[in-house]
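Each position in the sequence shown, counted from 1, maps to that position plus 327 in the working numbering. For every residue, glycine included, the Cβ atom is placed at its ideal position computed from N, Cα and C. As the structure is a computational prediction, the values presented were derived from the model and not from experiment. See structure below.
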Amino acid sequence: MHEQLRQDAEGAILFDASLSPQVDGRWFDPGYWRERSALNTQAGGRGGVAMVATPAGECVLRHYRRGGMVARVMGDRYLWTGADRTRGFAEFRLLQAMAQLQLPVPQVVAAQYRRAGLHYRADLMTRRIPNAQTLAECLAAGRLDAELAQEVGALVGRFHRAGVWHADLNAHNVLVGPSMLHLIDFDRGRLRLPAQGWRMANLLRLRRSLFKLGAAAEGAARFEQTIWTPLMYGYERTLSA
Numbered sequence: 328m329h330e331q332l333r334q335d336a337e338g339a340i341l342f343d344a345s346l347s348p349q350v351d352g353r354w355f356d357p358g359y360w361r362e363r364s365a366l367n368t369q370a371g372g373r374g375g376v377a378m379v380a381t382p383a384g385e386c387v388l389r390h391y392r393r394g395g396m397v398a399r400v401m402g403d404r405y406l407w408t409g410a411d412r413t414r415g416f417a418e419f420r421l422l423q424a425m426a427q428l429q430l431p432v433p434q435v436v437a438a439q440y441r442r443a444g445l446h447y448r449a450d451l452m453t454r455r456i457p458n459a460q461t462l463a464e465c466l467a468a469g470r471l472d473a474e475l476a477q478e479v480g481a482l483v484g485r486f487h488r489a490g491v492w493h494a495d496l497n498a499h500n501v502l503v504g505p506s507m508l509h510l511i512d513f514d515r516g517r518l519r520l521p522a523q524g525w526r527m528a529n530l531l532r533l534r535r536s537l538f539k540l541g542a543a544a545e546g547a548a549r550f551e552q553t554i555w556t557p558l559m560y561g562y563e564r565t566l567s568a
């Protein structure tokens with residue numbers, strides 16, 4: 328990766344020049360890609376996610392937005408505490424670090440912040456992982472069985488073994504591809520010292536997500552037998568490897 332920084336009076340862009348030597352603010356505007364017939368899909372929701380065909384390949388463009396009650400007041404604005412602590416720059420560099428650890432994460436392309444007084448707005452662009460479904464989609468399609476659950480557990484175990492804490496580990500942030508699994512959306516994630524507490528909290532968050540999506544519709548006992556026990560087996564075997 329060849330990291331470059333481009334600054335102006337209102338903000339900055341951090342990008343991988345080995346993927347594209349010319350990244351500017353237009354790259355973070357879905358309208359720019361729409362005008363070039365390069366905007367494939369755009370979803371609302373908290374992340375404001377768009378799929379765009381760029382010179383660096385097909386990418387996922389995400390605009391950072393707050394969730395919960397704070398969103399009513401702050402919307403997509405965050406308190407300025409320095410460039411390196413902006414949401415986009417922090418996630419960009421965490422993705423860099425995880426790639427160096429050979430963890431299965433999206434390839435990061437670029438991040439930007441735009442500052443206005445005490446606040447800023449931020450965006451992140453990563454390479455799209457082709458032919459993948461979220462674990463939530465696999466569950467809805469009836470594809471979450473013991474084998475896949477064990478693979479999910481092994482995936483989480485790899486990240487925890489490396490000291491990676493995912494701030495929002497849920498079934499929407501696990502991607503299941505034809506040959507491997509990935510974790511996505513590392514906003515507010517970070518590297519931490521090994522500890523049982525945060526690891527178990529991460530796993531319980533994933534468990535709650537699966538319950539919320541109906542993984543235990545056939546009963547808690549069946550969920551434990553066919554999903555959670557295999558998942559924990561894959562996790563513990565990988566964590567201790």
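For F419, the secondary structure class from DSSP, reduced to helix, strand or coil, is helix. Within the region 382 to 470, the complete alpha helix (DSSP H) runs of at least 4 residues fall at 397 to 401, 414 to 427, 462 to 467. Short of 8 Å from the beta carbon of Y405, and not among the five residues preceding or following it, lie these beta carbons of its own chain, in chain order: Y391, R393, T413, R414, H446, Y447, R448, A449. The continuous alpha helix (DSSP H) containing R488 extends over residues 473 to 488. When DSSP assignments are scanned along the region 489 to 539, the uninterrupted stretches of alpha helix (DSSP H) that are 4 or more residues long and fall wholly within it turn out to be 523 to 539. Residue burial is scored here from C-beta neighbours: Q477 has at least 16 other C-beta atoms within 10 angstroms and is therefore classed as buried. Secondary structure of M328 (DSSP, three-state): coil. Under the rule that a run must span 4 or more residues, the alpha helix (DSSP H) segments found entirely inside the region 341 to 373 read 357 to 362. Judged by DSSP in its simplified three-state form, A548 adopts helix.
For V436, the closest C-alpha among the options L471, G561, G384, A467 is that of G384. Excluding sequence positions up to five before and after A380, its CB lies within less than 6 Å of the CB of A365, all in the same chain and listed in chain order. Between M452 and L533, the C-beta spacing is not below 8 Å. If you compare the alpha carbons of F513, Q460, F419 with that of L332, the shortest gap goes to F419. In this structure, DSSP gives G338 an extended state, which the three-state scheme calls strand. Here the alpha carbon of D472 sits roughly 37 Å from the alpha carbon of F416.
At the C-beta level, G561 and V479 come within 8 Å of one another.
The residues L341, G415, F416, F419, L451, in chain order, have a CB closer than 6 Å to that of A438 in the same chain once the five nearest residues on each side in sequence are set aside. Comparing alpha carbon positions, the residue from L537, Q349, G338 closest to E330 is Q349.
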